[in-house]
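Step one of this worksheet: look at the structure below.
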Amino acid sequence: MSRLIAELDAALEARAGKGLVRHRRVVDSPQGARLCADGREILHFGSNDYLGLASDSRVVAAAQQGAARYGVGAGASHLVSGHFQPHELLERELAAWVAPCTNACALLFSTGYMANLGVVTALVGREDAVFGDRLNHACLNDAALLSRAEFIRYAHANVGELAARLATSRARVKLICTDAVFSMDGDLAPLPRLLELADAHDAWLVVDDAHGFGVLGDGPDAGRGTLAHFGLASERIVYMGTLGKAAGVAGAFVAAHPSVIETLLQTARSYIYTTASPPLLAGALATSLDLVRSDIARRERLFARISRWRDSAPVLRWPLLPSTTPIQPLIIGDAAEALGVSDALWERGIWVPAIRPPTVPAGSARLRITLSAAHSDADVDRLVAALTVIGAGPPPRRAAR
Ligand SMILES: Cc1ncc(COP(=O)(O)O)c(C=O)c1O
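If you want our numbering, it's the 1-based position in the sequence shown plus 9.
Okay, structure coming up:
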């Protein structure tokens, strides 16, 4: 065996020894509260399909109509010949709805990961600085590193530390970036304070609303996301929303001042040098966004399930993080124990993925429980009952290989 392969195998073995190996289960049914995974029926609390739109019959029908009209592939990047009418209409609709500033425009990306890479690398470079929350999603961190700007990470939600770092920075352009709803914790970033700091230091504020778009906002703003939740708008906000989570389909968009969007269109490499997403997805998204806005009962169901879970979870053995969003993590601590609890749930017909370092800080392995409008009260009660039984026994651990 070559030295190169032997080194990989040794690193994989070391990872296994720490209980950090990742495995995939194979799903063979539509996304939903109940799935067929690894050949068995399972109650599922592990997806970001918060509104249950991923398998809604109207969204599926829109995708089928899009396929019939446009085929299944865009054939080229947006700037070559892959920009279709459904893409164009969706961008206009998203810009007008999310409206992070007056006259905002929007640009579609194939994924949220690519959108974040595109935004940060287009707005800052070597002489500049990126300020990011320590619990930001990996793709914002990767974007900061790729931009070659100085990368300054501040303690989670610590606006005092951020203010101090901004005040001493000599960077030509400053960019603050944050998850709006933190993906592994479910809490909200202090966006009003971050915008004040961005104003005070003439900085960009990049808001990654992967988990707030479609979920947060009330009344006429239902689902418009975290900016609506806080009532914020500004020309210095660059808003990124993903379309594969609450919106139930795939992709992402950036909404911002027209000059920002034109800059992305001209220079964002993760926009320019990749094939456009299939137009049938943009057609499906038009339908799913209509449902996000009009089907108020769906969001009410989601928030009723969150309340029910939060009312019951304090009796459990493990602490629950203080989240008001569909992301409801139960902190187990040890990675092998988190896997053990996840396995014990699986044996009882319930799928909750264990999230371990490096996705979360060492010592804070957790069950990332996500709730959806597709769950029933009885589903939530079943999860609580199973966790109560598992928690009453000796700590389950998946033995490290
Ligand atoms: C906060 C956050 N940002 C960005 C992304 C990436 O989005 P996508 O899955 O569309 O690439 C995710 C998803 O995993 C996320 O949780």
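All C-beta atoms in this analysis are idealised placements derived from N, C-alpha and C, irrespective of residue type, glycine included.
All figures in this text were calculated on a predicted structure; none of them were measured in a lab.
Beta-bridge partners of residue i, as assigned by DSSP
{"i": "residue 184", "result": "139, 213"}
{"i": "residue 417", "result": "Examination of residue 417 is not possible in this model, given that the chain is present from 10 through 410 alone."}
{"i": "residue 249", "result": "217, 263"}
{"i": "residue 337", "result": "378"}
{"i": "residue 360", "result": "53"}
{"i": "residue 118", "result": "261"}
{"i": "residue 190", "result": "197"}
{"i": "residue 342", "result": "374"}
Helix, strand or coil at residue i [DSSP, three-state]
{"i": "residue 365", "result": "coil"}
{"i": "residue 329", "result": "strand"}
{"i": "residue 389", "result": "helix"}
{"i": "residue 35", "result": "coil"}
{"i": "residue 163", "result": "strand"}
{"i": "residue 148", "result": "helix"}
{"i": "residue 371", "result": "coil"}
{"i": "residue 171", "result": "helix"}
{"i": "residue 398", "result": "helix"}
{"i": "residue 62", "result": "coil"}
{"i": "residue 240", "result": "coil"}
{"i": "residue 410", "result": "Residue placement at residue 410 cannot be trusted, given a pLDDT of 43 that sits under 50; what the coordinates show is reported in the next sentence. If DSSP states are grouped into helix, strand and coil, residue 410 belongs with coil."}
{"i": "residue 123", "result": "helix"}
{"i": "residue 350", "result": "helix"}
{"i": "residue 312", "result": "helix"}
{"i": "residue 30", "result": "coil"}
Distance, residue j Cα to residue i Cα
{"i": "residue 120", "j": "residue 260", "result": "4 Å"}
{"i": "residue 223", "j": "residue 187", "result": "18 Å"}
{"i": "residue 72", "j": "residue 99", "result": "14 Å"}
{"i": "residue 123", "j": "residue 22", "result": "31 Å"}
{"i": "residue 359", "j": "residue 70", "result": "30 Å"}
{"i": "residue 2", "j": "residue 10", "result": "As shown, the chain starts at 10 and ends at 410. That puts residue 2 outside it, with no answer to give."}
{"i": "residue 154", "j": "residue 192", "result": "20 Å"}
{"i": "residue 327", "j": "residue 313", "result": "22 Å"}
{"i": "residue 81", "j": "residue 74", "result": "11 Å"}
{"i": "residue 152", "j": "residue 402", "result": "44 Å"}
{"i": "residue 49", "j": "residue 352", "result": "14 Å"}
{"i": "residue 13", "j": "residue 377", "result": "35 Å"}
{"i": "residue 78", "j": "residue 290", "result": "12 Å"}
{"i": "residue 29", "j": "residue 335", "result": "25 Å"}
{"i": "residue 410", "j": "residue 348", "result": "Low local confidence applies: a pLDDT of 43 at residue 410 is under 50, so the model's placement there is unreliable, and no value is given."}
{"i": "residue 407", "j": "residue 247", "result": "43 Å"}
{"i": "residue 85", "j": "residue 338", "result": "40 Å"}
{"i": "residue 40", "j": "residue 63", "result": "6 Å"}
{"i": "residue 267", "j": "residue 114", "result": "5 Å"}
{"i": "residue 331", "j": "residue 354", "result": "23 Å"}
{"i": "residue 196", "j": "residue 293", "result": "29 Å"}
{"i": "residue 300", "j": "residue 128", "result": "28 Å"}
{"i": "residue 138", "j": "residue 366", "result": "27 Å"}
{"i": "residue 385", "j": "residue 394", "result": "14 Å"}
{"i": "residue 363", "j": "residue 357", "result": "15 Å"}
{"i": "residue 180", "j": "residue 373", "result": "34 Å"}
{"i": "residue 389", "j": "residue 241", "result": "34 Å"}
Supposed close pair residue i, residue j - CB separation, criterion 8 Å
{"i": "residue 249", "j": "residue 125", "result": "6 Å"}
{"i": "residue 96", "j": "residue 285", "result": "7 Å"}
{"i": "residue 221", "j": "residue 235", "result": "4 Å"}
{"i": "residue 270", "j": "residue 103", "result": "Not really, about 11 Å apart at Cβ, beyond 8 Å."}
Closer than 6 Å: residue i CB and nearest ligand 2 heavy atom
{"i": "residue 381", "result": "Ligands in the displayed structure: ligand 1; ligand 2 is not one of them."}
Proximity test, Cβ basis, 7 Å: residue i and chain B
{"i": "residue 377", "result": "Absent here is chain B; the protein component of the structure consists of one chain."}
Option in the options with minimal Cα separation from residue i
{"i": "residue 216", "options": "107, 333, 101", "result": "107"}
{"i": "residue 89", "options": "316, 280, 71", "result": "280"}
{"i": "residue 287", "options": "317, 139, 263, 94", "result": "94"}
{"i": "residue 229", "options": "139, 24, 308, 163", "result": "308"}
{"i": "residue 361", "options": "92, 52, 58", "result": "52"}
{"i": "residue 296", "options": "32, 66, 368, 242", "result": "66"}
{"i": "residue 199", "options": "176, 238, 181, 232", "result": "238"}
{"i": "residue 273", "options": "194, 144, 201, 87", "result": "87"}
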